[in-house]
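Per the numbering used here, the very first residue in the sequence shown carries number 216; after that it's consecutive.
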Amino acid sequence: MQEKNNKYKIKELLLNKQTDNVIIEDFYKQKAQKPIIYVGSGTCGLGAGAGKTYTAVVSYLEKNNIDAEIIKTGCIGLCSSEPLMDIEIEGMNRISFEFATANKVEEILSTVFQKETPKSNVLGQFNSLPLKKWDNAPFINDLPFFKPQKRIVLKNCGIVDPTSIDEYIVRGGYKSLIDTIKNDKPFDVCDEIEKSGLRGRGGGGFKTGTKWKFALNSPVEQRYLICNADEGDPGAFMDRAVIEGDPHRLIEGIAIAAFAIKADTAYVYIRAEYPLAIERLIIAIEKAEEYGILGKNIFGTSFNLKLKIKKGAGAFVCGEETALIHSIEGKRGMPRPRPPFPAESGLFEKPTIINNVETLSNLPSIIEMGYEKFAAMGTENSKGTKVFALSGKVALTGLVEIPMGTTVRDIIFNIAGGIPNDKKFKSVQIGGPSGGCITEENLDIPVDYDSLIEAGAMMGSGGLVVMDEDTCMVDVAKFFMDFIQRESCGKCIPCREGTRRMLEILQDITSKPVNNDKHQALRRFKGVTQLEKLGQVIKETSLCGLGQTAPNPVLSTIKWFKNEYEEHIFERVCSAGVCTELRTFVIDAQNCTGCTICARKCPTDAIIGSRKNAHYIIEDKCISCGTCFDVCKFDAISIS
């Protein structure tokens with residue numbers, strides 16, 4: 216009965232009745248009746264041990280006979296501090312703890328329930344003006360990681376219960392949708408989004424509102440909307456985190472976009488490797504249908520919307536629009552030539568708009584704040600904010616949402632805390648396999664679509680992988696080329712054969728010379744001289760955007776780190792020591808005690824010598840595996 220009453224009240228709130236404040240106050244009064252413990256249970260948190268933290272919290276509450284609510288939230292963005300645990304008790308600000316592993320739970324909870332601030336693991340507190348502040352706990356929004364951010368898409372992530380539609384609505388959710396379908400016409404919505412300057416956040420950067428108008432102006436009655444949640448770039452996890460942490464925001468954005476193009480059916484195309492995101496999205500869709508937000512005649516209007524989930528098999532190429540469409544249709548995920556573009560003839564040959572998760576998640580806030588405020592953020596041609604996934608050699612990894620125009624230097628050194636262990640910054644890969652490198656001399660460029668392209672990179676979906684002085688850029692290029700070659704759909708020859716040849720050349724210059732191969736040196740030099748030309752041919756002749764950008768990691772690293780390529784080619788040396796086959800191991804006769812452990816562990820019998828006498832390495836037999844270096848207890852083996 217209580218659930219039905221809540222449902223009725225929330226509908227009243229959505230319909231903007233006079234009971235707004237009463238319903239909101241009642242919701243928060245019910246929440247404040249007992250302590251609430253929030254455990255960051257996104258995929259990153261679970262990987263760091265949040266599941267054990269949750270179990271430890273349950274055990275503590277049972278043991279101490281404490282009646283408290285436990286809520287699993289998504290990721291707030293600070294993945295490097297996981298597992299995270301927040302606590303709300305009566306009259307006090309919500310306080311957050313980092314590295315809250317299972318063995319720390321009892322100490323943290325016992326101290327907090329006594330209304331004292333623990334001496335360790337405190338991340339910060341949320342500022343709620345009517346409530347009392349905790350001593351010796353900074354405000355979350357004042358932390359260097361969060362202060363420069365402007366959180367629109369990530370506004371609720373890590374804060375709210377992602378399975379609660381009531382909390383989303385009480386925080387203002389779905390009001391933008393209701394206002395839109397009750398007061399606006401589809402063309403007006405397209406026009407407002409176009410004026411906002413919102414561009415596709417999936418990497419293409421095409422103006423969202425303009426794209427919508429192509430489909431809306433089609434004379435065909437049936438149209439489709441697709442949300443592309445198939446992020447396949449290594450180091451990218453923005454879409455997953457948004458869906459896990461705030462699925463209702465995505466659903467609201469999908470509904471607004473579907474109304475704008477007059478679509479009554481929408482799909483979320485999401486990779487099956489995201490089970491938690493799928494689970495929470497399913498729950499959110501069911502709740503939205505129950506509350507009348509999805510379905511027939513939504514809130515008394517003529518707008519109908521059916522939202523379906525289509526699981527992808529994880530093929531990188533299905534991030535490309537036409538390949539994604541083929542996959543939903545039950546066909547093999549392979550791109551097709553364009554035109555016609557999907558906005559004219561897409562899913563089942565009907566006009567189809569494809570936007571990614573971040574693009575759609577921006578829509579509720581644009582409608583709420585008005586296009587002028589959104590357009591006031593960012594740069595001249597890149598408006599709003601951008602979510603980036605920070606990974607690699609950086610102190611604070613995770614998700615950040617920054618205004619367009621923020622410099623790369625600010626992201627890495629101010630927000631993310633710089634390079635750990637006093638290492639020197641070397642490069643940052645932006646845009647995943649389709650992107651390029653930003654070097655130290657370009658660190659002060661603003662993050663926007665045009666500036667990154669001018670610097671030889673691209674925005675992409677938002678993966679940002681930081682590299683330090685210990686990184687080999689030739690190895691980085693080989694990693695991305697290996698990924699691209701394996702993920703090529705194989706339809707067009709330039710991508711299928713060209714990327715394979717580029718990978719072979721990179722493998723050749725990072726591998727150990729074969730003494731009995733007389734033509735190896737000639738083949739290696741000839742291949743290297745053709746590397747850039749081959750890359751240009753692939754860019755110009757590949758069928759789809761993925762193939763056209765496939766050579767970017769190689770071309771970018773050659774442009775900025777040509778000396779490392781020359782080092783690998785001419786000197787057969789990898790100064791970073793990453794390319795294992797180019798390492799040479801030497802035994803120092805003075806330090807060697809003749810213990811024989813290196814000889815016994817060597818997989819190729821490349822080490823000779825008698826007990827208690829200095830040993831030697833036969834270079835022709837050595838495969839540079841490094842086993843001898845790892846097992847030597849007397850520092851007798853060095854790498855050159």
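A virtual CB, placed ideally from N, CA and C, is assigned to each residue, including glycine.
Presumed contact (8 Å Cβ cut-off) between T600 and E616, rounded CB distance: 5 Å
Between the CA atoms of E755 and I569 - distance to the nearest angstrom: 25 Å
Buried or exposed by the 16-neighbour rule on C-beta atoms within 10 Å, applied to K641: buried
Range of the contiguous beta strand (DSSP E) that encloses D850: Looking at the DSSP string, D850 is not in any beta strand (DSSP E), and its letter there is neither H nor E.
Chain-order list of residues whose beta-carbon lies under 7 Å from that of F361 (same chain, five-residue window excluded): I355
For L261 and E549, the rounded distance between their alpha carbons: Checking the sequence, you will find Met at residue 549 rather than Glu. Cα to Cα, M549 sits roughly 34 Å from L261.
Supposed close pair Q763, S757 - CB separation, criterion 8 Å: 5 Å
DSSP state of Q233 mapped onto helix, strand, coil: For Q233, the predicted model reports a pLDDT of 46, less than 50, meaning its position is unreliable; a value from the coordinates is still stated below. Reduced to three states, the DSSP call for Q233 is coil.
Cβ shell of R826 (< 6 Å), same chain only, five flanking positions each side left out: G809, T811
Per-residue DSSP class, three states only, for N356: helix
Residue of I634, M592, N629, M584 minimising C-alpha distance to G607: I634
Run of the alpha helix (DSSP H) containing I582, from where it starts to where it stops: 572-584
Cutoff 7 Å; reference T612; Cβ partners in own chain excluding five residues on either side: Correct list, in chain order: C294, S295, L605, S606.
Residue interval of the beta strand (DSSP E) (run including K565): Run containing K565: none; DSSP gives neither H nor E here.
Beta strand (DSSP E) runs wholly inside the region 349-404, at least 3 long, in chain order: Correct list: empty.
Beta carbon of G373 nearer than 7 Å to that of L614: Remark: C-beta atoms of G373 and L614 do not approach each other more closely than 7 Å.
Candidates D448, L431, L346, of which the one nearest D403 by Cα: It is L431.
Residue range of the beta strand (DSSP E) that includes M696: Element bounds for M696: not the beta strand (DSSP E) but the alpha helix (DSSP H), 688-702.
Residue from C840, K836, K727 whose Cα sits closest to the Cα of E786: K727
Residues that DSSP places opposite M300 in a beta bridge: V254, F312
Same chain only: Cβ atoms within 6 Å of Y586, ignoring 5 sequence neighbours per side: Contacts found: E407, K410, S411.
V337: first and last residue of the uninterrupted beta strand (DSSP E) it sits in: 337-340
Buried versus exposed call for A271 [16 or more other C-beta atoms within 10 Å across all chains shown]: buried
D850 classed as buried or exposed, judged by whether at least 16 other C-beta atoms fall within 10 angstroms: exposed
Beta carbon of G468 nearer than 7 Å to that of S576: Yes, the Cβ-Cβ distance between G468 and S576 is below 7 Å.
Bridge partners - R414, DSSP secondary structure assignment: R414 is bridged to K422.
Backbone secondary structure at E284 - three-state DSSP: Strand.
Strand pairing of V643, partner residues [DSSP]: I653, V681
The beta strand (DSSP E) enclosing T480, as first and last residue numbers: 480-486
F603 - containing beta strand (DSSP E), residue span: 600-607
Contacts around K848, its chain only, beta-carbon distance under 8 Å, and the 5 residues preceding and following it disregarded: C810, I812
7 Å Cβ cutoff, I569 in contact with chain D: Annotation note: the requested chain D is absent from the structure, which comprises a single protein chain.
Alpha helix (DSSP H) runs wholly inside the region 780-829, at least 4 long, in chain order: 812-816
Span separating the alpha-carbon of R711 from that of L718: 11 Å
Given L465 as reference, the closest of G510, E436, Y389, F531 once Cα atoms are compared: Y389
Residue closest to I513, alpha-carbon to alpha-carbon, out of E782, Y253, K397: The shortest CA-to-CA distance from I513 to any of E782, Y253, K397 is the one to K397.
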